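A.B. asks: Numbering (the numbering used here), first residue to last: 5 to 672. For every residue, glycine included, the Cβ atom is placed at its ideal position computed from N, Cα and C. If you're wondering where the values come from, they're calculated on a predicted model, not measured in any experiment. Let me begin by handing over the structure; questions about it come next.
Written out as structure tokens, the structure is:
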């Protein structure tokens with residue numbers, strides 16, 4: 005009965021009351037064959053003649069619908085639901101409903117979908133991964149699949165990478181959803197647990213990838229081993245009205261998801277699994293042990309005592325350190341076993357040398373908070389494992405938290421594989437299209453831009469040291485600001501953003517800083533970042549999903565100017581930051597200022613860095629831009645390969661745990 009147009013009818017649907025796909029047990033032979041076949045299939049493709057014809061038909065239908073009033077238009081779209089259920093997302097009912105959504109968007113939002121947005125929206129409803137250039141209006145494109153799928157009764161999750169975007173998208177799209185009689189809600193980390201069941205009962209739920217996934221894990225823990233439809237319905241009845249089952253199920257299953265910034269979630273975030281833990285009470289002996297090992301680690305020297313692998317964040321103890329450990333008098337019984345002392349010392353050295361304040365974490369009134377290296381945002385309630393987090397708290401003299409024990413975990417590859425179907429969109433999928441084809445069996449559908457891109461990329465400025473780079477960044481920002489252009493300066497860390505801001509203040513400027521410390525003010529800072537002459541210094545927080553509006557006066561001066569102060573390990577992150585300027589056919593420029601001692605080069609090309617330093621001793625001027633681009637391509641290529649390897653290891657490790665613990669393939 006199942007067919008490709010009706011994604012809610014799947015042969016491997018799990019035996020649960022809510023929609024969910026049963027995960028098939030992975031076989032190594034199947035994976036090898038699949039990898040070989042994926043090489044023979046296209047990883048990217050664009051709209052064909054059939055897609056263009058279908059888009060034109062939607063536009064023609066919309067012309068006829070413009071004569072209807074709002075109630076008649078909403079009724080016409082809702083009336084297509086039975087036909088969509090019977091025949092799926094194809095044919096005239098599909099095109100008619102899409103045209104109705106487009107017309108209602110114009111009436112309620114003042115925005116009518118461009119042809120490329122119609123094309124992208126229909127592709128999303130069919131479960132494709134869509135690449136749309138930054139600034140092409142992915143938020144309004146989301147309306148088409150969200151409304152279409154909700155009309156057929158399948159729960160819809162609109163997933164973004166942070167709470168700011170989830171809240172913004174919900175507020176933007178709410179008038180259209182309400183016009184069609186569809187309920188909606190927003191779930192972030194601040195949403196209280198007792199409110200979540202009611203929000204998940206909405207037709208469309210806006211949330212972040214971590215909130216949805218962790219709620220799913222909590223549901224699985226509450227259900228235990230028995231996840232049949234009868235058991236689920238029984239537990240829901242017991243939980244109704246705040247009944248005795250305090251662990252009541254909150255989600256409505258995994259029907260359909262539209263994943264914004266899909267490469268960030270399925271690629272970048274997939275390098276570490278999602279883990280639910282239970283915190284053990286604090287142990288006074290553990291505090292003594294952490295302080296003692298931290299003091300011992302501070303006496304050791306890099307080289308003779310230990311070696312650091314900064315790329316993989318690993319510590320290797322040398323024989324001299326082993327001798328020190330052998331003569332160390334343990335202050336508490338937990339350190340008496342030699343392996344325990346060795347592991348604790350390695351964690352202490354990692355805390356001192358591999359995890360840096362205002363780069364990998366910040367210290368707040370609540371303690372140590374991890375900063376996501378891909379998004380620049382604080383990750384609340386996250387901890388490093390195996391005592392590393394507590395060792396960093398000891399280093400910073402912060403209140404010590406208890407260690408956590410793992411209750412359940414899941415990888416993003418597994419989690420999204422359990423949706424009946426999901427779609428994704430991003431402006432930077434081409435670089436990882438082959439990996440998406442391999443891991444999720446999805447090709448990337450590349451949608452052309454609505455208007456010609458007028459962005460100008462200026463030549464990279466390459467400096468021998470960081471001090472020269474920062475001076476050049478300040479001069480360039482002030483020069484553009486004095487011309488009346490807004491400037492966005494992107495940095496990789498909190499400390500770098502504050503350093504640039506301080507140097508600008510010393511020159512008389514008044515920059516605005518957006519990093520993990522100011523995340524509560526993000527909406528206001530982003531909204532004002534396009535004002536004439538304004539300088540905004542931001543971490544990766546400004547790199548995805550942020551739309552910086554500029555006036556006609558600003559565009560006449562050249563538009564927003566974006567400055568990259570360092571290349572990232574992924575070219576996609578650089579492209580996202582550059583994409584903040586020259587959106588939707590506007591003018592804009594971007595330029596990168598990098599230094600030879602940047603971590604990307606030092607960690608991935610140490611030999612080449614040393615060679616360039618030997619060839620240019622004492623040279624204070626800029627190095628060739630072509631050399632910077634060559635080193636960038638080499639370093640980012642190596643970093644991406646390591647990332648793919650880590651993601652593969654994460655999946656394999658999760659599968660080994662399933663076998664070791666005897667979990668069913670469709671369980672955690």
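(1) Quick check: the Cα distance between residue 403 and residue 370, rounded to an integer number of angstroms?
(2) Leaving out the 5 sequence neighbours to the left and right, which residues in its chain are closer than 7 Å to residue 9 when beta-carbon positions are compared?
(3) Would you call residue 142 buried or exposed, if buried means 16 or more other Cβ atoms sit within 10 Å of its Cβ?
(4) Could you round the C-beta distance between residue 493 and residue 550 to whole angstroms and report it? I think they count as a contact, below 8 Å.
(5) Enumerate, from N- to C-terminal direction, the unbroken beta strand (DSSP E) stretches of 3 or more residues contained entirely within the region 548-599.
(6) Which value, in whole angstroms, describes the spacing of the CA atoms of residue 20 and residue 367?
(7) Measuring only the C-alpha atoms, how far is residue 247 from residue 198?
(8) Is the region 311-322 touching the region 291-300 in the sense that three or more CB pairs, one from each, lie closer than 8 Å?
(9) Can you tell which of 334, 565, 271, 510 has the C-alpha that lies nearest to the C-alpha of residue 435?
(10) In the DSSP assignment, the alpha helix (DSSP H) including residue 103 goes from what residue to what residue?
(11) With distances taken between CB atoms, is the gap from residue 122 to residue 106 smaller than 8 Å?
(12) Going by C-alpha distance, which of 613, 112, 544 is nearest residue 583?
(13) Alpha carbon to alpha carbon, how far is residue 249 from residue 223?
(14) Three-state secondary structure (DSSP) at residue 177?
(15) Compare the Cα-Cα distances from residue 176 to each of 154, 110, 227, 354 and report the closest residue.
(16) Just verifying my parser: in three-state terms, what is the DSSP assignment at residue 12?
(17) Note down the Cα distance separating residue 18 from residue 159, rounded to an integer number of angstroms.
(18) Where residue 540 and residue 561 are concerned, what is the direct C-alpha to C-alpha distance, given to the nearest angstrom?
(19) With H, G and I counted as helix, E and B as strand and the rest as coil, what does DSSP make of residue 368?
(20) Per the DSSP calculation, residue 1 is bridged to which residue(s)?
(21) With a threshold of 8 Å on Cβ separation, who are the neighbours of residue 567 within its own chain once the five nearest residues in sequence on each side are excluded?
(22) Please name the residue in 386, 542, 291 whose C-alpha comes closest to that of residue 352.
(23) List the endpoints of the continuous beta strand (DSSP E) containing residue 322.
(24) Just how far apart, CA to CA, sit residue 612 and residue 355?
(25) Classify residue 615 as helix, strand or coil using the three-state DSSP reduction.
(26) Check whether the region 439-452 and the region 571-582 touch, using three or more Cβ-Cβ pairs below 8 Å as the test.
(27) What residue from 273, 636, 58, 576 has the CA that sits closest to residue 602's CA?
(28) When the distance is taken between beta carbons, is residue 220 closer than 8 Å to residue 673?
(29) Please report the straight-line C-alpha distance between residue 548 and residue 330, rounded to a whole angstrom.
(30) Quick check: the Cα distance between residue 425 and residue 132, rounded to an integer number of angstroms?
(31) Which same chain residues end up closer than 7 Å to residue 508 when comparing Cβ atoms and leaving out the 5 residues on each side of it in sequence?
(32) For residue 78, I'd like the list of residues in its chain whose CB is within less than 6 Å of its CB, leaving aside the five on either flank, ordered along the chain.
(33) With a threshold of 16 other CB atoms inside 10 Å of the CB of residue 518, please say whether the residue is buried or exposed.
(34) Can you tell me where the alpha helix (DSSP H) with residue 53 in it begins and where it stops?
(35) Does residue 318 come within less than 8 Å of chain B when only Cβ atoms are used?
(36) Whose CA, out of 513, 157, 44, lies closest to the CA of residue 447?
C.D. replies: Here's the rundown:
(1) Roughly 8 Å separates the two Cα atoms.
(2) These residues qualify, in order along the chain: 91, 92, 93, 94.
(3) Counting Cβ neighbours within 10 Å, residue 142 comes out buried, since at least 16 surround it.
(4) About 14 Å separates the beta carbon of residue 493 from that of residue 550, a gap too long to meet the 8 Å contact definition.
(5) 564-568, 591-599, all fully within the region 548-599.
(6) Looking at the two C-alpha atoms, the distance is approximately 43 Å.
(7) In this predicted model, residue 247 has a pLDDT of only 46, less than 50, meaning its place in the structure is not dependable enough to derive any value.
(8) Verdict: no, contact absent.
(9) Relative to the Cα of residue 435, the nearest Cα in the group 334, 565, 271, 510 belongs to 271.
(10) The continuous alpha helix (DSSP H) containing residue 103 extends over residues 95-113.
(11) With a cutoff of 8 Å on beta-carbon distance, residue 122 and residue 106 are scored as near each other.
(12) Nearest C-alpha to residue 583: 544.
(13) Because the pLDDT of residue 249 is 48, which lies under 50, any placement of that residue in the model is unreliable, and the question is left without a value.
(14) Helix.
(15) Ranking 154, 110, 227, 354 by Cα distance to residue 176 puts 110 first.
(16) It is coil, neither helix nor strand.
(17) Cα to Cα, residue 18 sits roughly 16 Å from residue 159.
(18) Straight across, the Cα-Cα distance linking residue 540 with residue 561 is about 18 Å.
(19) Strand.
(20) Nothing about residue 1 can be reported from this structure: the residues present for the chain run from 5 to 672 only.
(21) So the qualifying residues of the chain are 477, 480, 481, 491, 492, 493, 494, 594, 595, 596, 597.
(22) Comparing Cα positions, the closest option is 291.
(23) Boundaries for residue 322: no beta strand (DSSP E) harbours it, and the DSSP string shows neither H nor E there.
(24) Residue 612 and residue 355: Cα-Cα distance of roughly 28 Å.
(25) If DSSP states are grouped into helix, strand and coil, residue 615 belongs with the helices.
(26) The region 439-452 makes no contact with the region 571-582, as fewer than three CB pairs between them are under 8 Å.
(27) Closest option to residue 602, Cα to Cα, is 636.
(28) Past the edges of the chain, shown from 5 to 672, lies residue 673, and the structure says nothing about it.
(29) Across the structure, residue 548 and residue 330 are spaced so that their CA atoms are roughly 50 Å apart.
(30) C-alpha separation (whole angstroms): 9 Å.
(31) Excluding positions up to five away in sequence, the list reads 478, 481, 515, 539.
(32) Hits under 6 Å: 183, 184.
(33) Residue environment analysis places residue 518 among the buried positions, since at least 16 neighbouring C-beta atoms fall within 10 angstroms of its C-beta.
(34) Residue 53 -> alpha helix (DSSP H) spans 53-69.
(35) Absence of chain B from the displayed structure is noted, only one protein chain being present.
(36) Of all alpha-carbon atoms in 513, 157, 44, the one lying nearest the alpha-carbon of residue 447 is that of 44.
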